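Working notes, beginning with the structure itself.
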Amino acid sequence: MNLTDIQPENQQLKKRLILVVSKGTIDMLYPALVLATTAPAMGMKVDMYFTFWGLKALTKDGVNSVKIAPVGNPGMPMPNIVGIIPGMTKMASTMMKSKIEKFWPNIYDMIKMAKDSGVKLHACSPTMGFMDVKEEDLIPEVDDIVGASAFLSWASEPDALTLFI
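Mapping of the sequence shown onto UniProt numbering: position 113 corresponds to residue 113, and the numbering continues sequentially without gaps.
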């Protein structure tokens, strides 16, 4: 099956994809990055707005230390009670990373792939203040630091598709 099989002929793709990345866990960052690296190949301009816990993925200390939360994650193949055992988050994260990285590059390499495809990475300025993240803490791939008004101006464009991930 290819894209033309699932997309009606008369339906036009939006010209801009805006991804709001508000969660900094493995299971939330990969879907955002997969969409971000796919959309340019389909002719879309992509902006990723990293806010709240998603901002961690843009920090030098956080980009390679993201985890998965086994508690409260209904898709995890383990009971919640197991997730509260000390060390379980680290173990689940290690297992998930090793499985994911058989199919995709690590988070930082995915970010670099996105940048190579023309994706713009934006750090949320209010979140940086709230979490005491300084500009020098950010990875060099970050394009700029913007507030909610910049995001809202992009999201209000008629040819933009905005997804919260």
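Built from N, CA and C at the ideal position, the CB exists for glycine as well.
Just so it is clear, the structure is predicted and the values come from calculations on it, not from any experiment.
Terminal residues of the continuous alpha helix (DSSP H) containing residue i?
i: Asp-116; result: 107 to 116
i: Met-128; result: 125 to 130
i: Ala-36; result: 26 to 38
i: Phe-151; result: 148 to 155
Rounded to whole angstroms, how far is the Cβ of residue i from the Cβ of residue j, which I believe are closer than 8 angstroms?
i: Ala-148; j: Pro-126; result: 7 angstroms
i: Ala-69; j: Thr-38; result: With 8 angstroms as the limit, Ala-69 and Thr-38 do not qualify as a contact, their Cβ atoms being about 25 angstroms apart.
i: Ile-139; j: Thr-59; result: 7 angstroms
i: Ile-100; j: Val-63; result: Not really, about 15 angstroms apart at Cβ, beyond 8 angstroms.
i: Val-142; j: Ala-114; result: The Cβ separation is near 12 angstroms, so there is no contact.
Going by C-alpha to C-alpha distance, which of the options sits closest to residue i?
i: Val-133; options: Leu-161, Ser-117 and Ala-57; result: Ala-57
i: Leu-152; options: Leu-13, Ile-18, Lys-14 and Gln-12; result: Ile-18
i: Val-21; options: Val-142, Phe-52, Ala-41 and Asn-106; result: Phe-52
i: Lys-120; options: Gln-12, Asp-27, Tyr-30 and Phe-50; result: Phe-50
i: Val-34; options: Met-131, Ser-117 and Glu-135; result: Ser-117
i: Lys-67; options: Lys-90, Leu-55 and Gly-43; result: Lys-90
i: Trp-104; options: Leu-29, Ser-65 and Asp-137; result: Leu-29
i: Met-131; options: Gly-54, Ser-65, Lys-15 and Val-46; result: Gly-54
i: Ala-160; options: Asp-47, Lys-102 and Ile-107; result: Asp-47
Is any non-hydrogen atom of the ligand HEM found closer than 7 angstroms to the C-beta of residue i, if you look at the structure I gave you?
i: Leu-121; result: Looking at this structure, you won't find the ligand HEM or any other ligand, since it has none at all.
Can you name the start and end residues of the beta strand (DSSP E) that residue i belongs to?
i: Ala-57; result: Ala-57 -> no beta strand (DSSP E), and no H or E assigned at all.
i: Ala-160; result: 160 to 164
i: Leu-17; result: 16 to 21
i: Val-46; result: 45 to 50
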